[in-house]
Structures are given as C-alpha cells and as structure tokens.
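The numbers in this note's numbering rise by one with no breaks, and the one at position 67 of the sequence shown is 116.
Ideal placement from N, C-alpha and C gives every residue a C-beta, glycine not left out.
Predicted model only: the values in this text are computed from it and were never measured.
Step one of this worksheet: look at the structure below.
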Amino acid sequence: MRLWSLHPAHLDRAGLTAAWREALLAQAVLAGRTKGYRHHPQLRRFRDAPEPLAAVGAYLRGIQHEAGERGYRFDASRILVADAGAPAMPVTRGQLEFEWTHLGGKLAARSPDDAARWRRAMPTPHPLFFVVPGPVEDWERP
C-alpha cells in the first residue's frame, strides 16, 4: 500500500488509479470493513487524525479531483465521509523528498513521458497535507 503524500498531479495514469484503489482499501480498514492491512504503517497518520474517516475521505477527494481533471471518472459515492471538514495534516519535508525520489524511479521504469515531466517539476504535497521540516516519517519503510 502506498498512500502518497505527493500531489496526485505528479502521478502517472497507473499511479493515479493505484492511489485511488489503495486509498479505498485504507478507508475500508479504517472503517473496520476488512481484516487485512490493519497494521500497515502508512495508515498510522490517518488513524492519528482527529477524524480518521474524514481524513481519508479528504485524501480520496484529492485523488478524485485530479482524476476528473484528466477526464477519468472515479466514483465519489465510494467515499464514506465526503464532507470538507478534515483539517490539513502535516508531512515532513524528508518524507516528501523520499516519495519524490521513489516516484521518479517508478516513472522512469514505466512511463518515459511522465518521467520527463517529473524531472522538470518540484514536489508538492497532496492538498490534505502541509509540509513541515523533518526527516522521513518514522512509519515509512525505506
């Protein structure tokens, strides 16, 4: 499971659809609808949010918005808590940079055009997150 801290605009088609699918899985875990992945480390930041389902709903909305910008139709009715009330969450600069490098490797392997776009860009966070100083998050498995 990879719940990117990066803005969904940085993802290629495969990454965007995988992000949607994996965030839906995260939502199912947080809602108690599945037994798998309950202890996945990337879920910790959502579990620690004041309203975990609202946080993952905001995360899904960000992905769905980007999909719509690209002409894809991700079904918003699958988002359990879709109100806009989730507060922004912090992500460390180190985490964002780690993910940026990781994404660059994935794009180089599967999507040359997107890799070229990646090389010209700078990492920005998903709309749910704001960047704070710090190293790679302790829940990350490098």
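With a cutoff of 9 Å on beta-carbon distance, Pro176 and Ala131 are scored as not near each other. Between Ala98 and Met138 the beta-carbon gap is near 6 Å, inside 8 Å, which marks them as a contact. An exposed status is given to Val181, since fewer than 16 other beta-carbon atoms sit within 10 Å of its beta-carbon. In the structure shown, Pro174 adopts extended strand secondary structure according to DSSP, grouped into three states.
A direct Cα-Cα distance of roughly 20 Å separates His88 from Val140.
A straight-line Cα-Cα distance of about 9 Å links Ala80 and Leu129. In this structure, Gly64 keeps its C-beta atom at 9 Å or more from the C-beta atom of Leu145.
Within the stretch 130–187, the beta strand (DSSP E) runs of at least 3 residues that lie entirely inside it are, in chain order, 138–141 and 178–181. By the neighbour-count criterion, in which 16 or more other beta carbons inside 10 Å mark a residue as buried, Trp188 falls on the exposed side.
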